[in-house]
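Here's the structure we're looking at; comments come further down.
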Amino acid sequence: MTYTPHILMEIFDNLHTYFGPMNWWPGETPFEIVIGAILTQNTAWSNVEKAICNLKKNNLLMPETMADLTHDELAAIIRPSGYYNIKTKRIKSFLSRLISRHNGSLDILFSLNKEDLRYELLTISGIGPETADSIMLYAAKYPIFVVDAYTRRFLMRHNLLCGDEDYYQIQEFFQDNLAEDVPLYNEFHALIVNLGKEFCRAKKPLCHLCPLKDVLNEPDPDI
DNA sequence: ATCCCGAGCA
DNA sequence: TGCTCAGGAT
1 MTYTPHILME IFDNLHTYFG PMNWWPGETP FEIVIGAILT QNTAWSNVEK
51 AICNLKKNNL LMPETMADLT HDELAAIIRP SGYYNIKTKR IKSFLSRLIS
101 RHNGSLDILF SLNKEDLRYE LLTISGIGPE TADSIMLYAA KYPIFVVDAY
151 TRRFLMRHNL LCGDEDYYQI QEFFQDNLAE DVPLYNEFHA LIVNLGKEFC
201 RAKKPLCHLC PLKDVLNEPD PDI
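With our numbering, the residue at position 130 of the first sequence is 130, and numbering never jumps.
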């Protein structure tokens, strides 16, 4: 796939100008971000907030404390986030890995290098590519670009994908064409999510009103 | 391809 | 009432 130089930065600048700073996970603790990353899988953030609020009210945002809860106790507390039985298992599988192999310390877990941390996260049941990368970017502060369904959809519509690229090819597209910049990756992913919700929607997208309507990639001449 | 699930919104 | 949502496992 060919594309015009710096098109990603043009896209970013347009989105940032239109939406302003997204402020995702500002000033939250790394542990809260990890739990939030699991809770928000295929779930509206407003529902995750309720679950996080419950955890805070009960002073449960600590690895050992949360790990001591029974399945049913934890499930009841995170219930507003939906998928509560599955997410309880996922949180528990993360906690048991953190406690058994990293002394219950996120600082120790996050002291792994990029590749080792990614592998460590991906081998936890319930943490897939997007959740692993969200944790790496937003909690561990590694320059890792987070790819999701919104990202794929808007790249498709702007002729920046063929359609058969996998998660890591899309991630490399961003990382190879942008500076390694944690705040940039943080903001860019958040802006793409907003774009996907408000304009680049699955059904009846609002292309005529889109902040990216003038940023279009040329069709690939090789085909 | 199907299941997991509550909350908000048209 | 029906649909979607900061996905992943089976």
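All residues carry an ideal CB built from backbone N, CA and C; glycine is no exception. Note that this is a predicted model, so its numbers are computed, not measured.
Inset, instruction - Indicate the three-state DSSP secondary structure (helix, strand or coil) for Glu180 in the structure shown. - result: Coil at Glu180, not helix or strand.
Legend entry - Nearest to Leu69 (by Cα), restricted to the options Leu95, Ser81, Gly82, Trp25: That would be Leu95, whose Cα lies nearest to the Cα of Leu69.
Legend entry - Simplified DSSP state of Ile144, which is helix, strand or coil: In the structure shown, Ile144 sits in coil (DSSP, three-state: anything other than H, G, I, E or B).
Inset, instruction - Put Gln169 into one of helix, strand or coil per three-state DSSP. - result: Residue state, collapsed to three classes: helix.
Inset, instruction - Buried or exposed for Glu130, please, with buried defined as at least 16 other CB atoms from any protein chain shown within 10 angstroms of its CB. - result: With 16 or more Cβ atoms within 10 Å of its Cβ, Glu130 is classed as buried.
Inset, instruction - Report yes or no: do the region 44–54 and the region 73–80 share at least 3 C-beta pairs separated by less than 8 Å? - result: Flag = yes, the region 44–54 and the region 73–80 touch.
Inset, instruction - Evaluate contact between the region 12–27 and the region 178–196, counting only Cβ atoms and requiring at least three cross-stretch pairs below 8 Å. - result: Remark: three or more beta-carbon pairs, one from each stretch, lie closer than 8 Å, so the region 12–27 and the region 178–196 are flagged as touching.
Legend entry - Local Cβ density within 10 Å of Ala149, reported as buried at 16 or more and exposed below that: Around the beta carbon of Ala149, fewer than 16 other beta carbons lie within 10 angstroms, which makes this residue exposed.
Legend entry - Distance between beta carbons of Leu195 and Phe154, contact taken as under 8 Å: Indeed, because the Cβ distance is near 6 Å, the residues count as touching under 8 Å.
Inset, instruction - In angstroms with no decimal places, state the Cα-to-Cα distance between Ser234 and Asn59. - result: Limits of the chain in this structure are 1 at one end and 223 at the other, which puts residue 234 out of reach.
Inset, instruction - For Ile52, count neighbouring C-beta atoms within 10 Å of its own C-beta (all shown protein chains included) and say buried if the count is 16 or more, exposed if not. - result: Counting C-beta atoms within 10 angstroms of its own C-beta, Ile52 has 16 or more neighbours from the protein chains shown and is therefore classed as buried.
Inset, instruction - State the DSSP-derived secondary structure class of Glu218, mapped to helix, strand or coil. - result: DSSP, reduced to helix, strand and coil, places Glu218 outside both helices and strands of the structure shown, so it counts as coil.
Inset, instruction - May I have a chain-ordered list of the alpha helix (DSSP H) segments no shorter than 4 residues that lie completely inside the region 32–117? - result: Counting only runs of at least 4 residues, the region 32–117 fully encloses the following alpha helix (DSSP H) elements, listed from N- to C-terminal order: 45–57, 63–68, 71–78, 84–102, 106–109.
Inset, instruction - Report the option in Leu39, Met136, Asn103 whose CA atom is closest to the CA atom of Asp116. - result: Looking from the CA of Asp116, the closest CA among Leu39, Met136, Asn103 belongs to Met136.
Legend entry - Inter-residue CB distance, Lys92 and Ala67 (contact presumed, cutoff 8 Å): Contact holds; Cβ gap of about 7 Å.
Legend entry - C-alpha gap between Ser105 and Tyr168, whole angstroms: Taking the straight line from one Cα to the other gives about 28 Å.
Inset, instruction - Could you tell me which of Asn159, Ser100, Lys213, Pro30 sits nearest to Glu64, measuring between CA atoms? - result: Answer by Cα proximity: Ser100.
Legend entry - Neighbour-count burial assignment, Lys87, 16 or more Cβ in a 10 Å radius: By the Cβ neighbour-count rule, Lys87 is buried, with 16 or more other Cβ atoms within 10 Å of its own.
Inset, instruction - Return the residue from the list Thr17, Asn14, Ala37, Asp13 that minimises the CA-CA distance to Ala140. - result: Checking every option, the nearest Cα to that of Ala140 belongs to Ala37.
Inset, instruction - Please say whether Val215 and Ile11 have beta carbons closer to each other than 8 Å? - result: A distance below 8 Å separates the beta carbons of Ile11 and Val215.
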